[in-house]
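A short write-up of the structure that comes next.
Protein chains: 8
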Amino acid sequence: MNRLELRGLLDAVCAGTLTPEAAHGRLLQFLRHAPYEDLGFAKVDHHRSIRQGFPEVIFGIGKTPAQIASIAERIVNAGQNLLVTRSTEEAHTAVVAVLPDAVFNPVAGTISLRRSPPPVGKGTVAIAAAGTADLPVAEEAAVCLDMMGNTVDRLYDVGVAGLHRLLAVHDRLTAARVVIVVAGMEGALPSVIGGLVDTPVIAVPTSIGYGASFGGLTALLAMLNSCASGVSVVNIDNGFGAAAIASSINHLP
Amino acid sequence: MNRLELRGLLDAVCAGTLTPEAAHGRLLQFLRHAPYEDLGFAKVDHHRSIRQGFPEVIFGIGKTPAQIASIAERIVNAGQNLLVTRSTEEAHTAVVAVLPDAVFNPVAGTISLRRSPPPVGKGTVAIAAAGTADLPVAEEAAVCLDMMGNTVDRLYDVGVAGLHRLLAVHDRLTAARVVIVVAGMEGALPSVIGGLVDTPVIAVPTSIGYGASFGGLTALLAMLNSCASGVSVVNIDNGFGAAAIASSINHLP
Amino acid sequence: MNRLELRGLLDAVCAGTLTPEAAHGRLLQFLRHAPYEDLGFAKVDHHRSIRQGFPEVIFGIGKTPAQIASIAERIVNAGQNLLVTRSTEEAHTAVVAVLPDAVFNPVAGTISLRRSPPPVGKGTVAIAAAGTADLPVAEEAAVCLDMMGNTVDRLYDVGVAGLHRLLAVHDRLTAARVVIVVAGMEGALPSVIGGLVDTPVIAVPTSIGYGASFGGLTALLAMLNSCASGVSVVNIDNGFGAAAIASSINHLP
Amino acid sequence: MNRLELRGLLDAVCAGTLTPEAAHGRLLQFLRHAPYEDLGFAKVDHHRSIRQGFPEVIFGIGKTPAQIASIAERIVNAGQNLLVTRSTEEAHTAVVAVLPDAVFNPVAGTISLRRSPPPVGKGTVAIAAAGTADLPVAEEAAVCLDMMGNTVDRLYDVGVAGLHRLLAVHDRLTAARVVIVVAGMEGALPSVIGGLVDTPVIAVPTSIGYGASFGGLTALLAMLNSCASGVSVVNIDNGFGAAAIASSINHLP
Amino acid sequence: MNRLELRGLLDAVCAGTLTPEAAHGRLLQFLRHAPYEDLGFAKVDHHRSIRQGFPEVIFGIGKTPAQIASIAERIVNAGQNLLVTRSTEEAHTAVVAVLPDAVFNPVAGTISLRRSPPPVGKGTVAIAAAGTADLPVAEEAAVCLDMMGNTVDRLYDVGVAGLHRLLAVHDRLTAARVVIVVAGMEGALPSVIGGLVDTPVIAVPTSIGYGASFGGLTALLAMLNSCASGVSVVNIDNGFGAAAIASSINHLP
Amino acid sequence: MNRLELRGLLDAVCAGTLTPEAAHGRLLQFLRHAPYEDLGFAKVDHHRSIRQGFPEVIFGIGKTPAQIASIAERIVNAGQNLLVTRSTEEAHTAVVAVLPDAVFNPVAGTISLRRSPPPVGKGTVAIAAAGTADLPVAEEAAVCLDMMGNTVDRLYDVGVAGLHRLLAVHDRLTAARVVIVVAGMEGALPSVIGGLVDTPVIAVPTSIGYGASFGGLTALLAMLNSCASGVSVVNIDNGFGAAAIASSINHLP
Amino acid sequence: MNRLELRGLLDAVCAGTLTPEAAHGRLLQFLRHAPYEDLGFAKVDHHRSIRQGFPEVIFGIGKTPAQIASIAERIVNAGQNLLVTRSTEEAHTAVVAVLPDAVFNPVAGTISLRRSPPPVGKGTVAIAAAGTADLPVAEEAAVCLDMMGNTVDRLYDVGVAGLHRLLAVHDRLTAARVVIVVAGMEGALPSVIGGLVDTPVIAVPTSIGYGASFGGLTALLAMLNSCASGVSVVNIDNGFGAAAIASSINHLP
Amino acid sequence: MNRLELRGLLDAVCAGTLTPEAAHGRLLQFLRHAPYEDLGFAKVDHHRSIRQGFPEVIFGIGKTPAQIASIAERIVNAGQNLLVTRSTEEAHTAVVAVLPDAVFNPVAGTISLRRSPPPVGKGTVAIAAAGTADLPVAEEAAVCLDMMGNTVDRLYDVGVAGLHRLLAVHDRLTAARVVIVVAGMEGALPSVIGGLVDTPVIAVPTSIGYGASFGGLTALLAMLNSCASGVSVVNIDNGFGAAAIASSINHLP
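Chains as they are written, first to last, in the numbering used here: chain A, 29 to 281; chain B, 29 to 281; chain C, 29 to 281; chain D, 29 to 281; chain E, 29 to 281; chain F, 29 to 281; chain G, 29 to 281; chain H, 29 to 281.
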């Protein structure tokens, strides 16, 4: 149960379309595992969609396929939407065994299953990516944003060394409510975009590069030192993290 | 001239309280130095408050007091509000020689002068600081937020080693539209706050600490690796940067 | 022979249940290889359980399965309990060829064989782990603590972004004599726990994370800069090291 | 009021030497500022000596002398012992203006004032320091340990390049309940001492050295990689931190 | 004597305006100290202007004013032009005592004295600087280029966060034969300029910035990872180095 | 169509050997996809050979074979020469399926296909490599230089520890218009060569080495700190980047 | 031909046991490829054994088996002893195809073939290794020392955490003319040994360890900061390098 | 008393020029403070000149002038030669108050006083320094070598960018028994010299440089990765350390 459903339930009681008894029953069922369910190796947080606006997202790194499937099952059984990031084909195989409708996105590395529509954000979130190699991170952000109820506008291969490609999408950048900028190598794109728009910019460094890119450290440092104001940064390759804060901004009333 | 004044001028013409001729004259005066004024050592951007929502902010590091005073004079002469960050008593002395009303805040390291009210943000921006030593950075953010038209709620000395102090301000944190979290040392505060609220969290690492804090690098890295979602990060000690993106979010319609 | 057995032998002589001759013989046998046995590629330390409270532990990294099996055989032949850390299925295969009762724990990466009960610690050692992915390190600590004679209380998936999960185990944390805290990513958990308890806290950073977690460096640095007092730190992923000092503390009279 | 005084008060009531009314009054006075006192720039924690065994210690870095004096006054007024670390002559001047008996130790950089005896630890804490230049850190630890109720044994200038100097104090090392080892440069001393004793070893790297010592980073890394078991590490130059955990261990029942 | 003068001397002999005897004498005088003059603390290279196109440049860091003055005197006495970089007012005072015409440029940190015109480069060298604070490095490059016989075009305060300021000087960038790009913070300017021009771009990172700029390391890394081709990089703040290679390129026939 | 062909076309019209109609048709065909073609995952830049002197080069890292083949096809269809760097046998297989004449160089890691002769550079570009293990990087530079229209002189295995091998090729070094110097380990070769020649030196650090070579970081840092003037540096293993700037210099009129 | 053979040849001529004609012929044959032989990808240095006391050693990293075999063949054909380091079984297979007597040492990673006895060193070189896992590096040093004509004394598994094992070999350490000390993890062994002996100590850090050992960086830094005098350091895992300087010292007259 | 004097005393007894009684008395006086004298803050090692060939050297960093003077007095009173490194004018003032003949060398930063001639080394130690700015480190080495009984040959300003200056001193390099090479910036000199000589080379990186020299780290890393064999390295700026091992080598029989 998310915030939207909670509000709908109360509205229905208020409108007389749902008896207090029925509402009571549905609330009791939701609260059965409050505030979390302990699997021994994990404590599944069933109230997060109430507290934080979207359900617990399973971070796949360091978890076995069996652990992922087990947590995924509990989340979906509690009526939540499922989102697993940094996942693999193997994990997907384990998940579909218990949740046959779960979908794997091999570019984004996500497993997802939507049970109910998430609350809808106010505007569009633009995702600008510097190069073709940055797509996996950009797509992780895009899938997460979609699952969190946001409209996404993809602007790919608009790196600063070809300014004409970037300037050609200027209108779409300024039309967005939030802009996520994904770039590796020297990480210059957020500074240029930050100077073009007045909306919040969330910069995502990627590990794309070689030699002195140090696995994305160079792009990360460059973005933190951006001379443009209105830019903040998430971890290297953290498409999910960028989506989370962008969605949080996009859902502000 | 900022966006608010521009709108006010057009409204006045529409309402008949300002003749088109007078409005024309005031617009011409503003556009005289478009789009920037070249001082040789600097190009002062007079249209930024139109493009980006607040006027050019002078970053004091690496500029001589004379350079700062000269740029400040041009900005104020163009009818803009003045804000200088990372500034010193010496720079203030140079600025007041040309702008006698300019105010120096020694804790925040800012020089400011307000000529017209900035556009007002929708909600409150909370600033949570982990320790007393983080105050200069927190106050830089607070002064900048105020100059940009935001209401600020200060929550100081609420570091994670004394959870009861943090939990005592839980209500004020959840009441804010954006939360800026300022912390040095191990930089754990954004993770804990990020788990308590569902609003955007802007984390600012500070250079407070010693030994393996490496001038704030440890806090920076910790914040980038936050296990809480909805957290993004700006540069070490970058109170201004946090204010800029927080204000940008707070001014979203 | 460990300290407990040495004391028992002397007590038996004192009580008249063991003749001095028999005791002499057993001591001679133990001292036959004093103070260490030289295998060419290794010098096996047979007196460590007397000097340091537990026998030599074989660190598996960089040793061939044959070398591990050879050292393990000498240790067990000398009447000691066997503990191999950072081990593999291959090494286990080599060890069971000479020590059929040796047990492999694939999560902890340990091979162990208990020949005699170790001296019992005074209290409980709690192991708090931030996330599911930290379990291998936590379990290495748990197995080592058990082999060293300690009662272990496991508190898993209690990371700081879900404070309610941590506060739910507050009583078990304060009931422990020593607390080991295992966390990757931003490594914030020891600071929060350090503020909740007054017992010694041993922090273990893990290599869990990606991007700017730099293989656990971020968690390590964060823990070293903890604003909570009473926290000390061991190497990244060093579950054994945490167990060793925790057991040393737990065995203080 | 610390734990010892709290127990004494209850014992006195039990023994009839204190009326419940008088005890009630003294408890009320202590609880007046519960759980902390807010000075705006700081929240002074008056209950820490109950929760954590010793009162709040003021960390001097980043605080102005006036801030330190103000916090110090509140702590002493609440009946607590005063301890300020990383302090200066200037801060001491500000403190003595309000607390004339406060003592400054220029080598340790501490300001202290004892109002009531702290709970006494069970054994001795030995402090081994590698070289003369490590004394400021060793003395910070020594002053803190003394304020926390521990007996200290100083073993200075016992670096590993002159083993005979270290072996000459072997008996004093093994007699201690906890050993703090302070060393800069290559940080080898904890490994050698860790191999000689079976008590917990708390290693403190110092910033002593030059060139590739990188401000103590080399010593820190070396200590974290110690091949001796039973060694844990605190931050560079963190004499207070070592004292805090050593005292915590030494006060275990 | 530089290459130009050497050629002029031979031309004069060929044209009959200089007798072979006079030419011989002047060559002998020049070759008197060949190939270098040993001052004990330094070996002054008098043939460098022949070998490498410009005379030895004195790098001021780590040299005493007396050493600088002594080397400067030898260079000028040998008929060379004088250029000292990374210099101070104190060094200038020592130099003018022996070379009264030597000129100090406090912004560039250079001491110079021109005795004969250097060979003239084929085109213009443009110097683009991102911000006002980058001027000292840009001016070091400008002074050195001038001394080496190049025409310089200064394009200052054209950082990427205000693209319109950069695009306004597009024509001057494309008109240059070589472009030096000076930038601190995130070091993005060379990538954008590298995408706009097809001439060689020499990038100079500056130490301008704070926090995670790490004294220019971030800008350096960003420039090394530039996604634009045709960009190479010199050391942080190395205005001289950029000038040296730019001049070398500009003097190619 | 590159610059040479564009000039040729205009010359033909001028000479009357091509009718304006025919020229018009060929220009229209070339301009059909102006200024870039959007493949969704990439925006192929068809005008780069006009703007920057050589066509877009496909950087293979992070692109799938299918993506590389797709971009390659568009480039060749637009009449450009094809160059893919950091490529693999797998990518080549995908490319030859659509471009059967494409050639793979396994040492250089390049795929190339020449459709028309590139503009010819003025002189020779020498490539000096320190050791046999540096050849892949040197050959990447050589292939790129050749594709860009430059004559290459290879000087391999001339590391500084055997000066006689380097001095034996002194004449070939001084005969070049630009020198690319490729070295790993301590990266000393550019400093020695920089002292021997007066032409521009482009230094390429390689990741050859082990231990404290840190994947080429040591060589990179050494080259950036070269005491020789006239040396600039590109990223670790960036043979293409060195070729790009060297070719840019070599094509200066 | 090495120095010993050169001297022997001259002695034989002097003694009349070799005619000048025969000696002339043998010298001519040796000098045929002077000073090096160019294979295109490598320049084989045939005079190094004369110049530097031992023939060129082939460093295997980054060379193909075919390249190694080709260089090896030239070296042996020129009458030199063969030594390849950092080699593999594959390279050995390629070498034995042309040099059937070449021997592979899988622990040391060396291929060697002795054609003539090397000059004999004056004393013994001791190799002390801290742990079993350091053996590959220690054995690389041992094989190289043997090939260079030195007597080796192996002292393995004598790490500082078990001082009694080290003190048991004190006599053998002091009997050596040079001591090579091999250690990973905290790298403390050279400091302790450096305090026990007055002979030159060559420290070799190894990449043994995990977490904050950073591939041997910690051991390297520790050794560079050794508080013992008379210690110098070579690269991580550089057993060959330690052998080279130790042999150079051991061959001093 | 050093080794030479000890040997002389025994020779005198053997020759009958000293009575056993007198010799006994002098030995007793020397052994009075065996093996070290404890000053509380330091333990002065009076037997080091017997054990290690030269007396304890006082490392000045981190010691107060009073501590230095106090240790110096004990050393000289015990009949040893005095050597203080990393010292200052202030420390010298404190030392001359108790030892009026002590000499300060401001370039080398040493205080010294010779009471008796040290044992003489077999050959010459050459010190090659790359630039004028490296002289303080080179002179520290020179003073230490002289105090330890070595003949020194200074070869200054012979950096690799001017090979002719280095080749001009080739004979003096090859004539030395050991070569110390001092260089900052890119640290290339040891590699070039290591290829020219067959004697041991001790490389000393200096902190000379700026930007990416990182306080000597670049030179240090370069030297550790030297492609020349026979090179080992000491800490940045460690002239004393280089002298210690060079003297140790030079005193080998």
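In this text, a Cβ means the ideal position worked out from N, Cα and C, and glycines have one as well.
D/V188 counts as buried, since no fewer than 16 other beta carbons sit within 10 angstroms of its beta carbon.
With fewer than 16 other Cβ atoms from the protein chains shown falling within 10 Å of its own Cβ, F/S144 counts as exposed. From the beta-carbon of F/V188, the residues of chain H found nearer than 8 angstroms are V188, A216, S219, V220, G223, C255, A256.
Taking 8 angstroms as the cut-off, the Cβ atoms of B/V186 and B/V171 do not count as close. Between the alpha carbons of F/L127 and B/V220 lies a gap of roughly 56 angstroms. Interface flag for D/A40 against chain G is unset, since no Cβ pair is found closer than 8 angstroms. Membership of G/P93 in the alpha helix (DSSP H) is indicated by the continuous run 93 to 105.
Remark: C-beta atoms of E/G269 and E/G237 do not approach each other more closely than 8 angstroms.
Taking E/R102 as the centre and dropping the five residues before and after it, the same chain places the C-beta of E65, V72 closer than 6 angstroms to its C-beta, in chain order.
Taking a cut-off of 8 angstroms on C-beta distances, the stretch 162 to 181 of chain D touches the stretch 127 to 139 of chain D, as three or more cross pairs fall below it. In the three-state scheme derived from DSSP, where H, G and I count as helix and E and B as strand, A/F132 is classed as strand. Less than 8 angstroms divides the Cβ of A/I208 from the Cβ of A/A274. In this structure, the CA atom of G/T246 is about 8 angstroms from the CA atom of G/P233. By alpha-carbon distance to H/P134, the top candidate from H/L280, H/I264, H/A125, H/T116 is H/T116. Separation of the CB atoms of B/L191 and C/L224 is rounded to 7 angstroms, and the pair is thereby assigned contact status at 8 angstroms. Taking the Cβ atoms as the reference, D/S257 lies roughly 11 angstroms from D/P218, outside the contact range of under 8 angstroms.
Chain B places a beta carbon closer than 8 angstroms to that of D/G90, counting this residue as a contact. If you keep only unbroken beta strand (DSSP E) runs of at least 3 residues inside the stretch 109 to 190 of chain B, you get 110 to 113, 131 to 133, 138 to 141, 152 to 157, 179 to 184.
The three-state reading of DSSP puts B/F87 in strand, counting E and B together. In chain D, no part has a C-beta under 7 angstroms from the C-beta of G/S260; the shortest such distance is about 13 angstroms.
With respect to chain B, the C-beta atom of A/D129 has no partner C-beta closer than 8 angstroms. Counting only Cβ-Cβ distances below 7 angstroms, C/R193 has contacts in chain A at Y64, K71, in chain order. DSSP, reduced to helix, strand and coil, places H/E214 outside both helices and strands of the structure shown, so it counts as coil. In the displayed model, G/S260 falls within a strand according to three-state DSSP. Annotation: the continuous beta strand (DSSP E) that includes H/D73 extends over 71 to 73.
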